[in-house]
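Residue numbers (this note's numbering): 115 to 366. Heads up: the structure comes next, in structure tokens.
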């Protein structure tokens with residue numbers, strides 16, 4: 115309070131964010147001048163109350179049990195894709211856990227202060243998946259969010275579950291074939307390049323569902339046309355090139 119010339123409530127709040135480190139607490143306050151405003155302090159108290167409701171008893175995080183209770187309160191399944199969208203708003207670094215700052219960032223991003231308001235935002239978060247730009251951001255976010263700390267790749271089983279969740283929104287017609295290829299032929303972890311290129315590959319095919327079905331019916335001449343009109347950068351990627359060969363042999 116002496117150093118920053120601020121009130122006791124605000125000083126306590128900044129210290130709690132900084133785990134009671136004086137220097138870091140001063141940095142928090144000076145880096146966020148809006149905290150000095152009465153409305154901001156009131157809002158921070160609401161964030162604190164939400165965090166403390168779901169915080170784990172043993173560590174300064176919201177872990178799986180707390181997330182499950184949060185999901186119960188907003189009436190969504192923990193496996194619902196809306197929880198991925200929420201994690202994206204929070205810029206969460208690790209799956210199945212939220213820090214206090216991540217929760218605050220997420221609530222500020224959504225313009226909310228309470229769990230009740232979060233529940234009201236669920237339709238909005240679902241609608242964000244329909245925006246192709248936001249969907250791409252959420253899709254790319256999911257890779258880093260799901261992978262284990264210190265790892266550069268995503269375990270295949272995890273990648274399959276996330277693709278199943280994400281592409282349920284896009285209805286990619288080759289998804290089952292892609293899974294069959296990965297499990298039977300690829301059978302190894304997924305790199306970030308392969309993850310991001312798969313969205314490009316699936317997007318190319320998204321608006322060609324009727325063409326794919328037509329190709330499967332009429333045979334090789336149309337299949338050649340379909341395959342060779344795909345962007346070269348996608349076909350030339352080794353894994354997707356092998357998948358196209360797998361798909362060709364399977365269907366023709």
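Don't be surprised by glycine CBs; every beta carbon is placed ideally from N, CA and C.
Quick check: the stretch 352 to 359 against the stretch 299 to 315, are there 3 or more CB pairs under 8 Å? yes
By the 10 Å Cβ neighbour count, where 16 or more other Cβ atoms means buried, how is residue 335 classified, buried or exposed? Low confidence applies here, because residue 335 scores a pLDDT of 39, under 50, leaving its location unreliable and the question unanswered by this model.
Does the Cβ of residue 239 have 16 or more other Cβ atoms within 10 Å, making it buried, or fewer, making it exposed? buried
Let me check one thing: in DSSP terms, what residues is residue 212 bridge-paired to? 176
What are the partner residues of residue 188, as DSSP defines its beta bridges? According to DSSP, residue 188 bridges with nothing at all.
With H, G and I counted as helix, E and B as strand and the rest as coil, what does DSSP make of residue 308? helix
With the cut-off set at 8 Å, would you say residue 120 and residue 143 are in Cβ contact? yes
Please report how far the alpha carbon of residue 260 lies from the alpha carbon of residue 205, in whole angstroms. 12 Å
Where residue 279 sits in the DSSP three-state scheme: helix
Residue range of the alpha helix (DSSP H) that includes residue 295: 289 to 295
Pick helix, strand or coil for residue 129, following the three-state DSSP scheme. helix
Output yes or no for whether 8 Å exceeds the beta carbon distance between residue 360 and residue 295. yes
Rounded to the nearest angstrom, how far is the Cβ of residue 226 from that of residue 235, given a contact under 8 Å? 6 Å
Please classify residue 327 as buried or exposed, where buried requires at least 16 other C-beta atoms within 10 Å of its C-beta. Any answer about residue 327 is weak, because its pLDDT of 45 lies below 50 and its placement is not dependable; what the coordinates show is given next. The residue in question, residue 327, is exposed, as its Cβ has fewer than 16 Cβ neighbours within 10 Å.
Evaluate contact between the stretch 156 to 168 and the stretch 178 to 186, counting only Cβ atoms and requiring at least three cross-stretch pairs below 8 Å. yes
Please report the straight-line C-alpha distance between residue 179 and residue 122, rounded to a whole angstrom. 33 Å
Cutoff 6 Å; reference residue 342; Cβ partners in own chain excluding five residues on either side: Any answer about residue 342 is weak, because its pLDDT of 43 lies below 50 and its placement is not dependable; what the coordinates show is given next. Cβ neighbours of residue 342 beyond the five flanking positions: none.
Could you check how far apart the C-beta atoms of residue 242 and residue 199 are, in whole angstroms? I think they sit under 8 Å. 6 Å
Please state whether DSSP places residue 268 in a helix, a strand or coil. strand
Pull up the distance between the alpha-carbon of residue 209 and that of residue 263, whole angstroms please. 10 Å
State the Cα-Cα distance for the pair residue 173 and residue 288, rounded to the nearest angstrom. 43 Å
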